[in-house]
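What follows is a short report on a single structure.
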Amino acid sequence: MINGTSRSKPVGSTGGFAHDAKYEADRAAVPLSLLDLDDLMALALEHYDALDVEAKRLLALKRLHWPA
0 MINGTSRSKP VGSTGGFAHD AKYEADRAAV PLSLLDLDDL MALALEHYDA LDVEAKRLLA
60 LKRLHWPA
């Protein structure tokens, strides 16, 4: 679940979020974005080309091209 704006603080979890955590994030005084593992991977893939060399080394991905 991603909610909030570009000014929100990201909070991550690999196991999802409890209903209470989602409720509190929606009510927080500071905007929060709840990122589960799927959201984190989607953002990593979307912005991978813009990462610096050190970040790319930590998240080593290899581009695959499939024939059409």
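Sequence positions in the sequence shown follow numbering that gives the first Met the number 0 and run 0 to 67.
Cβ coordinates follow ideal geometry from the N, Cα and C atoms, glycine included.
The structure presented is a predicted model; accordingly, all values stated were derived computationally and were not measured.
Exercise. Can you have a look at Ala24 and say buried or exposed, based on whether 16 or more other CB atoms are within 10 angstroms of its CB?
Key: Flag for Ala24 reads buried.
Self-check item: Of the listed residues Phe16, Asp51, Tyr22, nearest to Asp38 (C-alpha basis)
Solution: For the options Phe16, Asp51, Tyr22, the alpha carbon positioned closest to that of Asp38 is the one of Phe16.
Practice problem: Please name the residue in Leu31, Ala27, Ser32, Leu60 whose C-alpha comes closest to that of Glu45. | Solution: Comparing Cα-Cα distances from Glu45 to each of Leu31, Ala27, Ser32, Leu60, the minimum goes to Leu60.
Quiz item: Where does Val29 fall in DSSP's three states?
Solution: Secondary structure at Val29: coil, using DSSP grouped into helix, strand and coil.
Self-check item: Sub-8 angstroms separation of Leu31 and Val10 beta-carbons
Solution: Yes, the Cβ-Cβ distance between Leu31 and Val10 is below 8 angstroms.
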